[in-house]
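Chains as they are written, first to last, in our numbering: chain A, -1 to 492; chain B, 21 to 447. Data block below; observations after.
Right, dumping it as structure tokens:
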């Protein structure tokens, strides 16, 4: 038993949902009690999907337990097939159904469902969400992808992008562009937008681009072993990594490593004078292993930051993250305990955090700026605009994203210069927020920027709304207007 | 405007109920912890469950909005299930750690979940044991918020019901208001009743355990929410008597709710009028303004928070809407009967859910507004239907006169938005 306040990963069946929801023509029958349907809103609200996840829940209740939950599962399975007519079904159990041991896979086998039915064994009390994504995709590939004739021209599969991923939608486009520049076509992208029928064609590709090892490494290994398709080991996030990726793909495919660098601006943005203020900034990195490993290289080699701490929450990748930390002269933090991560960040006292939405909250609390580099995600991590992390444009996007929470170079000097100015002093509200400076008098105390430390000025005088005690006669209209899935204010008194 | 087109005597109380079983698109009772822990300021809610429970709480709360919230999940692991570790020892250890780190905690709720119930972990006995261990500083209670026993707001009912047996006994003639409402709203209710000379007024749950109300044969209570059936039954077992009334949503609901209490306390018409006339007039004006876009429109309620029947009464009688279907997870006529009495027969009243079939009915009816959970809202919007997230009705102050206009506004905003947005290509 372990006390948990906030979690980085959901249960493994949520991982399976991320694969199923990313795909088309696949349906997931989940043996689960009422309440587990909460997971639908991750997709419809956070990712703003305009369709329900293709999941049918058996919704068993207390009174069913003494009766026929197996029969309920079979009925749900049949209804789901009849209604949605999928090309394939995946079946499995959530944590509670695992305990009642109905064996969804075995039950579905006894039924006369005329499409492939793939059983998932996702041990809820041992494993977590990323295991669920990787295992589900692997089972689908194992069941559906067989040897087929290679495409006449050189093509690649892009594997790993799925629902609720951090910028997966845009990374796909960026990788397609990199491959296009080398004259390599796309065979299948999966699971994102793929159908089960598409998966049967995976074997026609010449290379697998393993975009996110935490979601597709097992499938990549399987395809290498069974279908003879090599897969890439470099994740092209960052300028250096993208160069390495192009070299790796060119070698595997025997083509020229052609690149179109005409839109890559990141190197000059990093070299330009204003960016001197980035040099030596102390950063702490935490997230999933893929994004942390790539971010560490960008931080050190492409921004000139000093990495003062790093770690990941997905234990499956502890080994490479530990090795990386060692190369940086650090000890890796491998933990999914939010309070432990907060403590480590507090101890390292970085000037910036590159983390997940969880670390963004830690940053708010500690007054440290934070940019988000990894899942778990939030409605903000699904921007309307094109915003990849991978490839050349990804490098540009990352530069902008990371410097956004920081004070700009020249701005920093001006702020220092005017800190005690009678009109622009720290207690004066920002003019663009309609703040009106009260000329400072000797008696007016309060915190100044000096008391707060160099990077805390952004939060000065404006604590997050939720920490404010709200007690008006009427609940504020603005509060409700601002209500959004990104974390609603609690009208109830704090 | 409100006269029903059919025979005036027929109301929804006697309407046949469409009972459905199938996939339910609702939260489980654990969700109530999100507002209960804000209301009870010295309480901690410890869910004994799985990673799914922790993930649900995190997802239902949006994101993590509290530094170290007064709730958490003791996640069962393989060893707890395989009997390698005695789950009770593990629980005692985690509770010990928690209480030593949080000396501000005076009440600890052990909250049962689907897995803890399936493995038959006896949390009632654990609570007794832990109470003895940590007395007198901390009182440990337990209730179930599991999805196999409870739906969404039923978690609050289970929580409050678990507190009733330990409330101090009293013979005082007191009014007890039952239900966790935002303080601003609770204050309004108390102010209105006090103005009529009604008192003393106590509230369950109290903000701190030391302020817990007494209960006894002279207690009369009124529920603030339509989902507190078990709590009401538990109070009645302690000798208290319920004042039955429509729920205080909108001008009419608030007036009838206050009137029922006023009658119980022998308040005369003049006093009642003096206390309510001004806020009633304000509420009427506010509703009239906010419901401009609702008049003549149709509404379909998917089952979610148990507020559906009282809100349908408000929308049909005070905002001029027509209800097509009013779905509730379960229907407790002892509580919502007075609201059903006021809704003219016509709409389908449904209990339980088979979500795919219900969505077929929504698509066939194409209501002007569908009130539904978050998992369904965007998919329906994408099909061109206008929706209102039901959960906002639970998290927003919507009771009593001063919120009546805002309540209508919550429903009218999606309709207004639809009229405002010009996003399609114009020929």
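Here a beta-carbon is modelled for each residue, glycine too, at the ideal position from N, C-alpha and C. All values reported here derive from a predicted model rather than from experimental measurement.
- Query: According to the neighbour-count rule (16 or more other Cβ atoms, all chains shown, within 10 Å of its Cβ), is residue 208 of chain B buried or exposed?
  - Reply: Taking the first residue of the second chain as position 1, residue 208 of chain B is located at position 188. Its Cβ being crowded by 16 or more others within 10 Å, residue 208 of chain B is buried.
- chain B residues whose Cβ lies nearer than 7 angstroms to that of residue 31 of chain A: Numbered from its first residue, the first chain carries residue 31 of chain A at position 33. Residues of chain B passing the Cβ test: 134, 167, 168.
- Answer with buried or exposed for residue 460 of chain A, where buried requires no fewer than 16 other C-beta atoms within 10 angstroms of its C-beta. Taking the first chain and counting its residues from 1, one reaches residue 460 of chain A at position 462. In this prediction, residue 460 of chain A has a pLDDT of 38, which is less than 50 and means its spatial position is unreliable; nothing more can be read from the coordinates.
- Message: Cβ closer than 7 angstroms: which chain A residues qualify as neighbours of residue 376 of chain B?
- Response: Reading the second chain from its first residue, position 356 is the one you call residue 376 of chain B. In chain order: 81.
- Message: I'd like the list of long-range same chain contacts for residue 245 of chain A, defined as Cβ closer than 8 angstroms, with 5 residues on each side in sequence excluded.
- Response: What you label residue 245 of chain A is simply residue 247 of the first chain in a count that begins at 1. Around residue 245 of chain A: 255.
- Item | Own chain partners of residue 218 of chain A with C-beta closer than 7 angstroms, once the 5 adjacent residues on each side are dropped | Along the first chain, one-based indexing puts residue 218 of chain A at 220. Answer for residue 218 of chain A: 157, 206, 208, 229, listed in chain order.
- Message: Please state the DSSP three-state secondary structure of residue 160 of chain B.
- Response: By one-based count along the second chain, residue 160 of chain B stands at place 140. If DSSP states are grouped into helix, strand and coil, residue 160 of chain B belongs with the strands.
- Message: At a cut-off of 7 angstroms, would you count residue 264 of chain B as near the ligand GDP, judging by its Cβ distance to the nearest heavy atom?
- Response: Only the bare structure without any ligand can be found here, which leaves the ligand GDP out of the picture.
- Which of helix, strand or coil does DSSP assign to residue 54 of chain A? For this step, residue 54 of chain A is matched to residue 56 along the first chain. Here residue 54 of chain A carries a strand assignment [DSSP, helix/strand/coil].
- What does residue 97 of chain A touch in chain B if you count any residue whose Cβ is under 9 angstroms from its own? Translated into positions along the first chain, residue 97 of chain A becomes position 99. Simply 101, 134, 135, 138, 139.
- Task: Going by CA-CA distance only, name the one from B:311, B:382, B:157, B:296 that's closest to residue 217 of chain B.
- Result: Taking the first residue of the second chain as position 1, residue 217 of chain B is located at position 197. For the residues B:311, B:382, B:157, B:296, the minimum Cα distance to residue 217 of chain B belongs to B:296.
- In three-state DSSP terms, what is residue 129 of chain A? Within the first chain, residue 129 of chain A is the residue found at index 131, counting from 1. Three-state DSSP puts residue 129 of chain A in a helix.
- Of all the CB atoms in chain A, is at least one closer than 8 angstroms to the CB of residue 307 of chain B? Stepping through the second chain from its first residue, residue 307 of chain B is reached at position 287. No, residue 307 of chain B lies away from the interface with chain A (no Cβ there is under 8 angstroms from its Cβ).
- Query: When the Cβ atoms of the stretch 88 to 97 of chain B are set against those of the stretch 248 to 259 of chain B, are three or more pairs found closer than 8 angstroms?
  - Reply: In short, these stretches do not touch, since the Cβ pair count stays below three.
- Message: Less than 8 angstroms between C-beta atoms, sequence neighbours within five positions excluded: which residues of the same chain meet that for residue 319 of chain A?
- Response: Taking the first chain and counting its residues from 1, the one referred to as residue 319 of chain A is at position 321. These residues qualify, in order along the chain: 287, 290, 291, 308, 309, 310, 330, 332.
- Task: Return the chain-ordered list of same chain residues with a C-beta closer than 7 angstroms to the C-beta of residue 358 of chain A, the five sequence neighbours on each side being excluded.
- Result: Reading the first chain from its first residue, position 360 is the one you call residue 358 of chain A. Once the five neighbours on either side are set aside, the close Cβ partners of residue 358 of chain A are 368, 370.
- Say whether chain B places a C-beta atom closer than 8 angstroms to the C-beta of residue 379 of chain A. Position 381 of the first chain, counting from 1, holds the residue named residue 379 of chain A. It does not; no Cβ of chain B falls within 8 angstroms.
- What's the gap between the Cα of residue 235 of chain B and the Cα of residue 181 of chain B? As a first step, residue 235 of chain B is located in the second chain; it is residue number 215 there, counting from the start. As a first step, residue 181 of chain B is located in the second chain; it is residue number 161 there, counting from the start. The straight-line gap from Cα to Cα measures roughly 13 angstroms.
- Could you give the uninterrupted runs of the beta strand (DSSP E) lying entirely in the stretch 148 to 173 of chain A, keeping only those of 3 residues or more? 153 to 157
- Assigned exposure category for residue 462 of chain A - 16 Cβ within 10 Å defines buried: The residue given as residue 462 of chain A occupies position 464 in the first chain. The predicted position of residue 462 of chain A is uncertain, since its pLDDT is 36 and thus under 50; a value taken from the coordinates is nonetheless stated next. Classification for residue 462 of chain A: exposed.
- Query: Expressed to the nearest angstrom, what Euclidean distance is found between the alpha-carbon atoms of residue 46 of chain A and residue 398 of chain B?
  - Reply: As a first step, residue 46 of chain A must be located in the first chain, where it is residue number 48. As a first step, residue 398 of chain B must be located in the second chain, where it is residue number 378. About 7 angstroms.
- Item | C-beta atoms of residue 292 of chain B and residue 300 of chain B nearer than 8 angstroms | Locating residue 292 of chain B in the second chain gives position 272, counting from the first residue. Locating residue 300 of chain B in the second chain gives position 280, counting from the first residue. Their beta carbons are not under 8 angstroms apart, which means residue 292 of chain B does not touch residue 300 of chain B by this criterion.
- Task: Determine, using beta carbons only, whether residue 202 of chain A and residue 23 of chain A come nearer to each other than 8 angstroms.
- Result: Along the first chain, one-based indexing puts residue 202 of chain A at 204. Along the first chain, one-based indexing puts residue 23 of chain A at 25. The answer is no: Cβ separation not under 8 angstroms.
- Check whether the Cβ of residue 399 of chain B lies closer than 8 angstroms to any Cβ atom in chain A. Here the question's residue 399 of chain B lines up with position 379 in the second chain. It does; some Cβ of chain A falls within 8 angstroms.
- Query: DSSP beta-bridge partners for residue 207 of chain A?
  - Reply: The sequence position of residue 207 of chain A within the first chain is 209, counting from 1. A:156.
- Cβ neighbour criterion (16 or more within 10 Å) applied to residue 104 of chain A: Sequence index remark: in the first chain, residue 104 of chain A carries index 106 (1-based). Classification for residue 104 of chain A: exposed.
- Query: By a C-beta neighbour count over all protein chains shown, 10 Å radius and 16 as the cutoff for buried, is residue 448 of chain A buried or exposed?
  - Reply: Position 450 of the first chain holds residue 448 of chain A. Model confidence at residue 448 of chain A stands at a pLDDT of 37, short of 50, so the residue's coordinates are unreliable and nothing is read from them.
- Counting only the same chain and skipping the five closest in sequence on each side, list residues whose C-beta sits under 6 angstroms from that of residue 451 of chain A. For the purposes of this step, residue 451 of chain A is taken as residue 453 along the first chain, with counting starting at 1. Interpretation of residue 451 of chain A is limited by its pLDDT of 38, a score under 50 that renders its predicted location unreliable; the figure taken from the coordinates is listed afterwards. Same-chain partners within the cutoff: there are none.
- Message: Across the stretch 332 to 348 of chain A and the stretch 226 to 242 of chain A, are there enough close Cβ pairs to call them in contact, namely three or more that are closer than 8 angstroms?
- Response: In short, these stretches do not touch, since the Cβ pair count stays below three.
- Message: Between residue 57 of chain A and chain B, is any beta-carbon pair separated by less than 8 angstroms?
- Response: Within the first chain, numbered from 1, the residue matching residue 57 of chain A stands at position 59. So, interface residue.
- Task: Can you grab the Cα-Cα spacing for the pair residue 28 of chain A / residue 14 of chain A, in whole Å?
- Result: Position 30 of the first chain, counted from the first residue, corresponds to residue 28 of chain A. Position 16 of the first chain, counted from the first residue, corresponds to residue 14 of chain A. When rounded, the distance between both Cα atoms is 10 angstroms.
- Message: Can you tell me whether residue 8 of chain B is helix, strand or coil according to DSSP?
- Response: As displayed, chain B neither begins before 21 nor continues past 447, which places residue 8 of chain B out of reach and without an answer.
- Taking residue 49 of chain A as the query, report the chain B residues whose CB atoms sit under 7 angstroms from its CB, ordered along the chain. The residue you call residue 49 of chain A lines up with position 51 of the first chain. Chain B residues near residue 49 of chain A: 399, 402.
- Which residue spans inside the stretch 110 to 153 of chain B form an unbroken alpha helix (DSSP H) run of at least 4? 134 to 138
- Beta carbon of residue 168 of chain A, beta carbon of residue 384 of chain A: below 8 angstroms? Translated into positions along the first chain, residue 168 of chain A becomes position 170. Translated into positions along the first chain, residue 384 of chain A becomes position 386. Yes.
- Could you list the residues in the stretch 37 to 50 of chain B with a C-beta less than 9 angstroms from some C-beta on chain A, going in chain order? 41, 42, 43, 44, 45, 46, 47, 48, 49, 50
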